[in-house]
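A.B. asks: So the protein sequences, as listed, match chains A and B. Per my numbering, the very first residue in the first sequence carries number 1261; after that it's consecutive. Per my numbering, the very first residue in the second sequence carries number 178; after that it's consecutive.
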Amino acid sequence: MSIIVDQNTKVLVQGITGNEGAFHTRQMLDYGTNVVAGVTPGKGSQKFDGIPIFNTVVAAVNETGANASAIFVPPAFAADAVLEAVEAGIEIVVCLTEGIPTIDMITVRHYMKDKNAVLIGPNTPGIISPGKCKIGVMAGYIHKEGNVGIISRSGTLTYEVVDQLTKIGIGQSTCIGIGGDPIIGLKYVDLLEMFEKDNGTDAVVIIGEIGGQAEEQAAAYFKENMKKPVVAFIAGVTAPPGRRMGHAGAIVSGGVGDAATKIKTLEAAGIRVVKNPSDIGKTVSDVLF
Amino acid sequence: MKIHEFQAKQLLGAYNIPIPKGYVITSSEEIPKAVENVGGFPVVVKAQIHAGARGKGGGIKIVNNLDEAQNATSGLLGKRLVTPQTGEEGKPVNHLLFEEALQVSKELYLGITVDRVNACVSLLASVEGGMEIERIAVESPKKLFKENIDPGIGLRPFHANRICFSLGLDVSLLRKMSGIILSLYRLFIDKDCSLAEINPLVITEKGDVVALDAKINIDDNALYRHSDFQSLRDMDQENPLEVEASKYNLNYIKLKGNVGCMVNGAGLAMATMDLIKHVGASPANFLDVGGGATSQMIAEGLKILLFDVDVKVIFINIFGGILRCDTLAKGVVEAARQLDIKLPMVIRLEGTNVETGRRIFAESGLSFAVANGMGDAAKKVAEALNE
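(1) Using the beta-carbon of each residue, which ones in chain B are nearer than 9 angstroms to Lys1535(A)?
(2) Just the C-alpha distance for Gly1302(A) and Asn398(B), rounded to the nearest angstrom, thanks.
(3) In chain B, which residues lie with their C-beta within 7 angstroms of the C-beta of His1370(A)?
(4) Tell me which same chain residues have a C-beta within less than 6 angstroms of the C-beta of Gly1391(A), skipping the five on either side of it?
(5) What is the rounded straight-line gap between the Cα of Ala470(B) and the Cα of Leu427(B)?
(6) Closest Cβ-Cβ distance between Gly1431(A) and chain C: below 8 angstroms?
(7) Rounding to the nearest angstrom, what Cα-Cα distance links Ile330(B) and Leu258(B) in this structure?
(8) Going by the beta-carbon positions, is the gap between Ala1326(A) and Ile1363(A) smaller than 8 angstroms?
(9) Consider the Cβ of Pro1335(A): report whether some Cβ of chain B lies at a distance smaller than 8 angstroms.
(10) What residue from Ser472(B), Met474(B) and Ile493(B) has the CA that sits closest to Ala461(B)'s CA?
(11) Helix or strand or just coil, what does DSSP make of Glu374(B)?
(12) List, in order along the chain, the chain B residues whose C-beta lies closer than 7 angstroms to that of Tyr1419(A)?
(13) Flag Pro1390(A) as yes if its beta-carbon sits less than 8 angstroms from any beta-carbon of chain B, otherwise no.
(14) Find the nearest neighbour of Gly356(B) within the set Leu189(B), Val558(B) and Glu560(B), judged by alpha-carbon distance.
(15) What did DSSP end up calling Asp1423(A) once you bin it into helix, strand or coil?
(16) Just to make sure I have the definition right: I need the residues of chain A whose C-beta is within less than 8 angstroms of the C-beta of Gly217(B). Which are they?
(17) Which residues in chain B sit within 7 angstroms of Thr1362(A), going by Cβ to Cβ distance?
(18) Between the C-alpha atoms of Gly288(B) and Glu265(B), what's the straight-line distance to the nearest angstrom?
(19) Under 8 angstroms between the Cβ atoms of Ala1341(A) and Val1333(A)?
(20) When we look at the beta-carbon of Asn549(B) and count the other beta-carbons within 10 Å, is it buried (16 or more) or exposed?
(21) Please report how far the alpha carbon of Thr1277(A) lies from the alpha carbon of Thr1300(A), in whole angstroms.
(22) What is the DSSP secondary structure of Pro318(B), reduced to helix, strand or coil?
(23) Spatial neighbours of Pro209(B) within its chain, please: CB distance less than 8 angstroms, with the 5 preceding and 5 following residues excluded, ordered by chain position.
(24) Ignore the nearest five residues each way along the sequence and tell me which others in Glu374(B)'s own chain have a CB closer than 6 angstroms to its CB.
(25) With a cut-off of 8 angstroms on the beta carbons, I'd call Ser303(B) and Ile326(B) a contact; round off their distance for me.
(26) Are the C-beta of Leu445(B) and some C-beta of chain A separated by less than 8 angstroms?
(27) Pull out every residue of the segment 1497-1514 of chain A whose Cβ sits closer than 7 angstroms to any Cβ of chain B, in chain order.
(28) For His272(B) and Glu207(B), what's the separation of their Cα atoms in angstroms?
(29) Using the Cβ count rule (16 or more neighbours within 10 Å means buried), how would you classify Gln515(B)?
(30) When the Cα of Thr1293(A) is compared with those of Gly1506(A), Pro1382(A), Gln1267(A) and Ser1305(A), which residue comes out closest?
(31) In the segment 1394-1414 of chain A, which residues sit with their C-beta less than 9 angstroms from some C-beta in chain B, listed in chain order?
(32) Just tell me which of Leu361(B), Lys454(B) and Ala337(B) has its CA closest to the CA of Ile196(B).
(33) With Asp396(B) and Cys370(B) assumed to form a contact (beta carbons below 8 angstroms), what rounded beta-carbon distance in angstroms separates them?
(34) Using 10 angstroms around the beta-carbon of Met1261(A), count the other beta-carbons present and answer buried if the total reaches 16, otherwise exposed.
(35) Can you name the residues of chain A whose CB is closer than 7 angstroms to the CB of Cys297(B)?
(36) Can you check DSSP and say which residues form a bridge with Glu324(B)?
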């Protein structure tokens, strides 16, 4: 089993003819993702590797029944692309774009409040249910079908963890990059709830980092609601306060969001926190067996 | 992006928020003109740097005559100012703000920021102005008032009124204060701020409400739609290596240690720094070359690590996904030859085409320590440092 995406997910790609969009659409197709449509305004009725392109998301949804969208649109237009997807009835919106202004994302989140759609990202590597569906930019082959869920704010650090797991024979049910921005869609808490209910997931790994309070919320949720084991790693113990560490959201500001507080809060809730990033795979193995 | 106090005040002024009469100088010849422009002595001389707690570092002085103004200026201008927030190296003072000295009867705090948990803009106010908001939150949380703004309606007069009444302000100040709150919100949204803070916002003995200090940070992601802000960036306030790195779209932050590291991806870069610490060493920097780094970016990244005289060992940690390990290896080997790197280098590669990548390093004839996994890499880094 898996959460959010599986072999039945029908994916449309917004920005399918751009450099990034084109490259990753082919990668997703290679992985076996069911890409049914593309959207590039002005290129409607053309095809991309046999996939029909539409001018608008609503036309693509009507024609193909797409229920998920991968957004590869430049930052200045990406918030608009998310809104268009949600308005057209897309249920799973994965926004890969990095660099969207924070104010724009506040508007998007507000619009989505009473809509029947989930947003993954922005500034995310995407989501993958190994062997079933990949919507994103992660290298598919490092993953393996299995029973560990992964929730992460990072890209390559997630690959690192997946790789450690796969190499010791532990597969993944679904891996989600929730995004490195200050304002994002789905958070740890939403996904922990889904993993707790998912029959195919036996343990969850949280890969957090400095900035914000999402890990603290996850700790509180775990303590009250979860039976499945959770292992966590928090990047940025050595990060200086007040500096943005690559991700727009990775900043310790006003004394909030430092790694030490996050680690303490997670441990107090009963979550195994790994201190050495090279030990994450081994620790998950300890928890599972 | 950070901007100076005087730039922030110009923005406030443009939004009709009262600011003290002020004049910025960059040389001591301008002192008489500055004094005249702000209405004569006494004058407050304020060092302009991208850091707070300037008062504690001697960066704010009240002067009563030209001699004192001259002394304050020569003591600050062209020097580096160290405050509790700058680090021991301090920040260069290239601008001094001369301001009229106001007779203050009360100091308030007013700030607008982004509430990440609630995904909204939020307004903060307190009667305990003048101290840091973090301290107010800890020491007098009951005197700190917060309004989370519904993005559907924005900040409205009723929010502003409610804050004024919560603060217990005299009714005679209501219109002035509400006006300032509404203006600051408009400024925050129009200019894509990540922080707009007036601390203190003072009530003068005459009954005026004036922004005595101002701090505005701009959302870097939104700079593309504010071309006029390019001129507000003061690169002298940034570390020179960081300025150099930003030219090549490299995310670089200078730290105090001696292990120079280059990593793809911000999360992995932070984890790599943490790992270095874990084996008893200390990272010299954060450097994220990004997921789609080209061989030129790799070479520029290596150059920046070499510029840093503190670096004793170089550690490259790459998880190749889209960026293939063989491409990376070629880039590093070429750069290492060109730059004639003498420092020990530890390289850890994983992911797409890793075998080819490792072979390129092995066959290069250069002395790289190629590690197997992050744990092994950390061990090799520690060994290289101890040699």
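Glycine included, each C-beta is placed from N, C-alpha and C at the ideal position. If you're wondering where the values come from, they're calculated on a predicted model, not measured in any experiment.
C.D. replies: Looking at the atomic coordinates:
(1) Numbered from its first residue, the first sequence carries residue 1535(A) at position 275. Those are Asp451 and His455, listed as they occur along chain B.
(2) Stepping through the first sequence from its first residue, residue 1302(A) is reached at position 42. Stepping through the second sequence from its first residue, residue 398(B) is reached at position 221. Cα-Cα distance, rounded: 27 angstroms.
(3) The residue labelled residue 1370(A) in the question sits at position 110 within the first sequence. Chain order gives the chain B residues near His1370(A) as Pro328 and Gly329, where near means a beta carbon separation below 7 angstroms.
(4) Taking the first sequence and counting its residues from 1, one reaches residue 1391(A) at position 131. Cβ within range, chain order: Glu1405.
(5) As a first step, residue 470(B) is located in the second sequence; it is residue number 293 there, counting from the start. As a first step, residue 427(B) is located in the second sequence; it is residue number 250 there, counting from the start. Looking at the two C-alpha atoms, the distance is approximately 9 angstroms.
(6) In the displayed structure, chain C is absent; the protein chains listed are A and B.
(7) Indexing the second sequence from 1 puts residue 330(B) at position 153. Indexing the second sequence from 1 puts residue 258(B) at position 81. In a straight line, the C-alpha of Ile330(B) is about 43 angstroms away from that of Leu258(B).
(8) If you number the first sequence from 1, residue 1326(A) lands on position 66. If you number the first sequence from 1, residue 1363(A) lands on position 103. Using a Cβ distance threshold of 8 angstroms, Ala1326(A) and Ile1363(A) do not count as a contacting pair.
(9) Position 75 of the first sequence, counted from the start, is the residue given in the question as residue 1335(A). By this cut-off, Pro1335(A) is an interface position.
(10) The count along the second sequence starts at 1 and reaches residue 461(B) at position 284. Shortest Cα-Cα distance from Ala461(B) to any of Ser472(B), Met474(B) and Ile493(B) involves Ile493(B).
(11) For the purposes of this step, residue 374(B) is taken as residue 197 along the second sequence, with counting starting at 1. In the three-state reduction of the DSSP assignment, Glu374(B) falls in the strand class.
(12) Residue 1419(A) sits at position 159 when you count from the first residue of the first sequence. Going along chain B in sequence order, the residues near Tyr1419(A) (Cβ under 7 angstroms) are Phe496, Gly498 and Gly528.
(13) Along the first sequence, one-based indexing puts residue 1390(A) at 130. It does not; no Cβ of chain B falls within 8 angstroms.
(14) Position 179 of the second sequence, counting from 1, holds the residue named residue 356(B). Leu189(B) is the residue among Leu189(B), Val558(B) and Glu560(B) whose C-alpha sits nearest the C-alpha of Gly356(B).
(15) Position 163 of the first sequence holds residue 1423(A). When secondary structure is reduced to three states using DSSP, Asp1423(A) falls in the helix class.
(16) Within the second sequence, numbered from 1, the residue matching residue 217(B) stands at position 40. Per Cβ cutoff of 8 angstroms: no residues; Gly217(B) is ~38 angstroms from chain A at best.
(17) Taking the first sequence and counting its residues from 1, one reaches residue 1362(A) at position 102. Under the 7 angstroms cutoff, chain B gives Val291, Ser371, Asp396 and Asn398.
(18) For the purposes of this step, residue 288(B) is taken as the residue at position 111 of the second sequence. For the purposes of this step, residue 265(B) is taken as the residue at position 88 of the second sequence. About 28 angstroms.
(19) Working through the first sequence from its first residue, we reach residue 1341(A) at position 81. Working through the first sequence from its first residue, we reach residue 1333(A) at position 73. With a cutoff of 8 angstroms on beta-carbon distance, Ala1341(A) and Val1333(A) are scored as near each other.
(20) Here residue 549(B) corresponds to residue number 372 of the second sequence, with the count starting at 1. Of the other Cβ atoms in all chains shown, fewer than 16 fall within 10 Å of the Cβ of Asn549(B); this residue is therefore exposed.
(21) Locating residue 1277(A) in the first sequence gives position 17, counting from the first residue. Locating residue 1300(A) in the first sequence gives position 40, counting from the first residue. In a straight line, the C-alpha of Thr1277(A) is about 7 angstroms away from that of Thr1300(A).
(22) For this step, residue 318(B) is matched to residue 141 along the second sequence. Reduced to three states, the DSSP call for Pro318(B) is helix.
(23) As a working mapping, residue 209(B) is identified with position 32 in the second sequence. Answer for Pro209(B): Leu243, listed in chain order.
(24) Residue 374(B) sits at position 197 when you count from the first residue of the second sequence. Result list for Glu374(B): Gly288 and Lys392, in chain order.
(25) Against the second sequence, residue 303(B) aligns to sequence position 126. Against the second sequence, residue 326(B) aligns to sequence position 149. About 17 angstroms separates the two Cβ atoms, so there is no contact after all.
(26) Here residue 445(B) corresponds to residue number 268 of the second sequence, with the count starting at 1. By this cut-off, Leu445(B) is an interface position.
(27) Answer set for the segment 1497-1514 of chain A: Val1497, Thr1498, Ala1499, Pro1500, Arg1503, Met1505, Gly1506, His1507, Ala1508, Ala1510 and Gly1514.
(28) Residue mapping note: residue 272(B) aligns to position 95 of the second sequence, counting from 1. Residue mapping note: residue 207(B) aligns to position 30 of the second sequence, counting from 1. In this structure, the CA atom of His272(B) is about 11 angstroms from the CA atom of Glu207(B).
(29) Against the second sequence, residue 515(B) aligns to sequence position 338. With fewer than 16 neighbouring CB atoms inside 10 Å of its own CB, Gln515(B) falls in the exposed class.
(30) Within the first sequence, residue 1293(A) is the residue found at index 33, counting from 1. Answer by Cα proximity: Gln1267(A).
(31) The segment 1394-1414 of chain A vs chain B, Cβ under 9 angstroms: Val1397, Met1398, Ala1399, Tyr1401, Ile1402, Ser1412, Arg1413 and Ser1414.
(32) Here residue 196(B) refers to the residue found at position 19 when the second sequence is read from its first residue. In this structure, Leu361(B) is the residue among Leu361(B), Lys454(B) and Ala337(B) with its C-alpha nearest to the C-alpha of Ile196(B).
(33) Residue 396(B) sits at position 219 when you count from the first residue of the second sequence. Residue 370(B) sits at position 193 when you count from the first residue of the second sequence. Right, their Cβ atoms sit about 7 angstroms apart.
(34) Within the first sequence, residue 1261(A) is the residue found at index 1, counting from 1. Taking a 10 Å sphere around the C-beta of Met1261(A), we find fewer than 16 other C-beta atoms and assign the residue as exposed.
(35) If you number the second sequence from 1, residue 297(B) lands on position 120. Neighbourhood of Cys297(B) in chain A, by CB distance below 7 angstroms: Ile1366, in chain order.
(36) Translated into the one-based positions of the second sequence, residue 324(B) becomes position 147. Glu324(B) pairs with Leu300(B).
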